[in-house]
Structure formats: structure tokens, C-alpha cells
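Data first, discussion second: the structure below is written as C-alpha cells.
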Amino acid sequence: MSEMENKVVLITGASSGIGEAAVRELAGAGARLFIGARRGERLKALAEELGDNVAWRELDVTDAADFDAFVAAAEARFGRVDVLVNNAGVMPLSPLAALKRDEWKRMIDVNIHGVLNGIAAVLPGFLARKSGHVVNVASVGAHLVLPTAAVYCGTKYAVWAITEGLRQEHDEIRSTIISPGVTATELGDDISDPQVATALKEWRQKALTPDAIARAIRYALEQPEGVDINEVIVRPTAANM
Ligand SMILES: NC(=O)c1ccc[n+]([C@@H]2O[C@H](COP(=O)([O-])OP(=O)(O)OC[C@H]3O[C@@H](n4cnc5c(N)ncnc54)[C@H](OP(=O)(O)O)[C@@H]3O)[C@@H](O)[C@H]2O)c1
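In case it helps, the working numbering puts the sequence shown at residues -19 to 221.
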């Protein structure tokens, strides 16, 4: 049996983009998947398409109690949880001087608190079983900062640091940072500044498709228990950042 066969994998932000691609990739590799996001109708359609090994529940990652209930529902459905992929994220970019405080807060809530809520929901079970794997989707923005992306990059630097801390504190739990470069998804569709929205369209002209990131996630998951892939950075070959 492969390392992936029957593994129970939870994926947040599975209703589009990288999360949806990861669901397809891992389901194809034999994993059992419990998937979450706020848009339940999209999750339902994906689960119906992929069959009994994919189950879904609506999830708002910013709500700690909801995340605990999500993990409990996955355990009830599949008997255990082996992997959590904290993939949900938002990127409403803007210059700091625009003072879009609500958008700063939303990025911090989803991108940082969402990841921490996920870690808190699975960590006690992983420690009790002395086994488990947390995969956090960061970004090339965890390694560089660009104008208009100060807060977004700040959240991704935080995801990088939190994941590295988790690795250092636990030698029975695997932790992986997946850092995508520009990828063609719905991320940033909610940018409210017209100039920044136009700039994003230009960046996206040299973009990966989400299946490239899904394959990196699969690579980390299918290693044997004693092998921990700590970070994978995936950029379009033609990208200069
Ligand atoms: N695309 C890129 O160029 C790129 C580059 C580097 C890093 N990333 C990272 O990759 C991850 C996935 O993004 P993507 O590119 O695939 O974008 P996407 O297509 O917009 O997907 C984002 C996902 O996050 C979910 N989400 C947002 N807020 C949520 C919340 N409060 N609770 C639960 N789920 C929530 C969305 O689902 P609902 O709206 O249904 O809740 C959606 O499924 C993000 O962490 C992003 O920062 C992307």
C-alpha cells in the first residue's frame, strides 16, 4: 500500500484554486479527504464528483469552535485525522496609506488565526497518537515583501515562523510549508483598489496552474513517516520574484 492510501487528509479552502486542485490530486492518489470552506455548494459538487472518499463540511477558519467541530466531524466520518492542510487564505492587496483597516484585519484573521485555529484543533490528537502532519500554505510572500503586499506578506512570514516553531517543538509531528509563487486562482479577486487589481492581472500572465502546487503537497505527504519535507517553494519558471 502506498503512503497515501487511506490517509485521512483535511483541507481548508477547498472550494477553489489550490485547495480544490489538492483535493483532486490527493483523491486520485487514494487518500480520504475531509474538505472545508465557506461556500458549501462548491464543496458538495466536488465531493459528489469524486465519490465516497471525499466528505465535506462548511468551515470558517477564523472561528476556533467551528474548526474544532470540523475536525470532530472528520474523525466521526473517517475514524482519525492524519494530515491537516491549512490552505485557506485571502489577499486583498493595497498600499498601507489607503488605510484599509478592515482588509488588514481580514488577512490577519484568515491567514494567521485560521492557521492557528487549525493547529489547535488537531495538535492534541496528534500528540496523543504521537503522529500527524500539518501542511501550511504560505507563499513566496513569506520570503519577500512588495509594495501593496506589506500586510499580506506579514501574514505569510507569520505562517512561515509558526510552522517552523511547530517543527522545532515536536519531533513526532511532521510540518511542511508550501510556498507557491504566482498561481492562477481566484485569490485577489476581492482587491478593492483598481490599480492594484490591474497590476495583479499583469503578474498573473506568468502564472502556474494550481495542479503544480497540488503536486508539491502530494510530494510532502507521500514521504515515509521518518521523512519531513519542511518547505517547498514552487515558482513559474519565467517568474522573477
Ligand atoms: N494564487 C497564488 O498566486 C498564491 C501564491 C502564494 C500563496 N497562495 C496561497 O494559497 C492559498 C490558497 O489560495 P488560492 O490561490 O487557491 O486562492 P482562492 O482560489 O481564492 O482560494 C482561497 C480559498 O480560501 C477559502 N477561504 C477564504 N476565507 C476563508 C475562511 N474564512 N474560512 C474558510 N475558508 C476560507 C476560500 O473559500 P470560501 O470563500 O468558500 O470560504 C477558497 O477556497 C492561500 O493561502 C494563498 O495565500 C496563493
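Think of the CB as a built atom: it goes at the ideal place given N, C-alpha and C, for glycine as much as any other residue.
- In the displayed model, Thr189 falls within coil according to three-state DSSP, outside both helix and strand.
- Excluding sequence positions up to five before and after Thr156, its CB lies within less than 6 Å of the CB of Val115, Ala200 and Ile209, all in the same chain and listed in chain order.
- When secondary structure is reduced to three states using DSSP, Ile197 falls in the helix class.
- According to the DSSP assignment, Asn66 belongs to the beta strand (DSSP E) that extends over Val63 to Asn66.
- Going by DSSP, Pro104 is part of the alpha helix (DSSP H) stretching over Gly94 to Arg109.
- Residue ranges of uninterrupted alpha helix (DSSP H) with 4 or more members, entirely inside the region 19 to 76 and ordered along the chain, are 20 to 30 and 44 to 58.
- Bounds of the alpha helix (DSSP H) holding Leu6 are Gly(-3) to Gly8.
- Between the C-alpha atoms of Ala1 and Met87 there is a straight-line separation of about 22 Å.
- Looking at the backbone, the Cα of Ile92 and that of Val(-12) are separated by about 24 Å.
- Apart from sequence neighbours up to five positions away, the residues of its chain that approach Thr42 with a beta-carbon distance below 8 Å are Asp89, Val90, His93, Gly94 and Asn97, ordered along the chain.
- Per DSSP, Thr178 has no beta-bridge partner at all.
- Apart from the 5 residues on each side of it in sequence, Val65 sits with its Cβ closer than 6 Å to the Cβ of Ile(-9) and Val115 in its chain, given in chain order.
- For Gly16, the uninterrupted beta strand (DSSP E) run begins and ends at Arg12 to Ala17, by DSSP.
- By the neighbour-count definition (other C-beta atoms within 10 Å, threshold 16), Pro127 is an exposed residue.
- In this structure, Leu124 has its CB at a distance of at least 7 Å from all heavy atoms of ligand 1.
- Measuring C-alpha to C-alpha distances from Pro75 to each of Arg109, Gln175 and Glu211 identifies Gln175 as the nearest.
- Here DSSP, grouped into helix, strand and coil, assigns Val125 to coil.
- By the criterion of at least three beta-carbon pairs nearer than 8 Å, the region 47 to 60 is in contact with the region 98 to 109.
- Set against 7 Å, the gap from the CB of Thr163 to the closest heavy atom of ligand 1 is smaller.
- Taken atom to atom, the span from the alpha-carbon of Arg4 to that of Leu188 is near 17 Å.
- Within the same chain, and ignoring the five residues on either side of Trp84 in sequence, the residues whose Cβ sits closer than 8 Å to its Cβ are Val131.
- If you draw a straight line from the Cα of Thr165 to the Cα of Ala108, it is about 37 Å long.
- Remark: C-beta atoms of Ala27 and Gly(-1) do not approach each other more closely than 8 Å.
- Separation of Ser172 and Thr143 (C-alpha to C-alpha, rounded to the nearest whole angstrom) is 30 Å.
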